[in-house]
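Asks: Quick one: the structure is below, and I'll ask about it shortly.
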Amino acid sequence: MRFLNILAVATCASALVIDLNPTKLTDAQEKALAAITVQDDPKPKPEPGKEDPKPQDEPKQEPPKQEPPKQDPPKEPPKPEPKPEPKPEPKPEPKPEPKPEPPKSNLSGDQQKALDAHNAARAEVKDGQKRDPMQWDKGLEDAARSWAKHLASRNQGLEHAKDRDGKGENLAGRIMDGDAMEKASKMWIDEKKDYKCGVKIQTYIDNGNFGKIGHYTQVIWPKTTKVGIAVEGGFVVARYSEAGNMMSEAACKS
């Protein structure tokens with residue numbers, strides 16, 4: 001064995017030394033040599049030039065990391081759905097009040113045309129004042145006819161009645177063909193070109209031009225609501241209620 005050989009060599013060396021020494025071993029040396037025990041080396045010695053392989057450390061296994069359990073984020077409560085805002089109901093547009101139409105009557109064709117001409121002229125005035133359509137009045141018609149007969153019997157031209165019970169009056173004469181009342185009405189309305197809204201009646205009286213505008217201003221007078229017309233012997237008479245042509249007023253606003 002290796003260890004034994006070494007010892008043997010060492011022993012021999014010692015013996016060699018001893019042999020060279022002329023002195024013999026003492027008893028104590030012999031006992032010491034006898035007491036030497038040879039033991040096998042349990043570990044094999046590395047061969048020359050080779051080193052013992054170093055034991056490789058076993059990889060340490062780290063204990064598995066325990067990740068904390070994932071927690072779901074708290075769920076948000078469902079948002080309430082927005083309530084639809086109530087839509088305002090559209091307000092009904094105010095309907096214009098219908099203008100009262102003249103009541104139907106047993107008017108002749110000429111009477112109806114004359115009445116329509118009066119109301120058309122009134123409707124054309126846009127000054128913000130209320131002007132209701134005129135209505136035909138039988139009492140005014142009878143009064144107009146009475147005066148028309150008087151003028152025809154005298155045959156002396158046109159003259160206003162002095163006693164008219166506060167009614168207005170327009171006159172026209174010498175219209176001998178048909179539709180005399182309509183033609184007379186259109187003649188009166190044609191005076192519109194000579195009247196300026198906003199000018200008082202007194203102004204036209206003072207400058208001598210009332211005869212050129214007075215028939216038209218009576219036709220469109222705001223407070224006049226009734227008319228009656230008659231014709232006799234070519235003389236046309238129209239009576240109005242209430243009367244127009246107040247001297248301190250104008251027939252229409254400027």
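Take 1 as the starting number for the sequence shown in full-length UniProt numbering and just add one per residue. Note that the Cβ used here is the ideal one computed from N, Cα and C, for glycine as well.
Give me the Cα-Cα distance between Lys75 and Pro94, rounded to the nearest whole angstrom.
Replies: Cα-Cα distance, rounded: 55 Å.
Asks: Taking the straight line between their C-alpha atoms, what separation do you get for Thr224 and Gly178?
Replies: Near 27 Å, if we compare the C-alpha coordinates of Gly178 and Thr224.
Asks: Return the first residue and the last residue of the alpha helix (DSSP H) that Glu182 is part of.
Replies: Here the alpha helix (DSSP H) through Glu182 covers Ala180 to Ile189.
Asks: Under 8 Å, do Ala251 and Ile189 count as touching if we go by C-beta distance?
Replies: Their beta carbons are not under 8 Å apart, which means Ala251 does not touch Ile189 by this criterion.
Asks: May I have the straight-line CA-CA distance separating Arg154 from Glu169, to the nearest angstrom?
Replies: Each residue's alpha carbon lies about 19 Å from the other.
Asks: Could you tell me which of Tyr240, Arg122 and Ala161 sits nearest to Ala148, measuring between CA atoms?
Replies: Of the candidates Tyr240, Arg122 and Ala161, the one whose C-alpha sits nearest the C-alpha of Ala148 is Ala161.
Asks: With a Cβ-Cβ cutoff of 8 Å, do Ser248 and Gln202 count as a contact?
Replies: Yes. Within cutoff.
Asks: For the 8 Å Cβ check, are there 3 or more pairs between the stretch 123-143 and the stretch 225-237?
Replies: Yes, since at least three Cβ pairs between the stretch 123-143 and the stretch 225-237 fall closer than 8 Å, the two stretches touch.
Asks: Ile220 to Phe235, Cα distance in whole Å?
Replies: In a straight line, the C-alpha of Ile220 is about 22 Å away from that of Phe235.
Asks: Which whole-angstrom value is the C-beta distance of Met181 and Ala114, which I expect to be below 8 Å?
Replies: So it is a contact: roughly 4 Å between Cβ atoms.
Asks: Spell out the partners DSSP gives Ser241 in its beta bridges.
Replies: Paired residue(s): Lys226.
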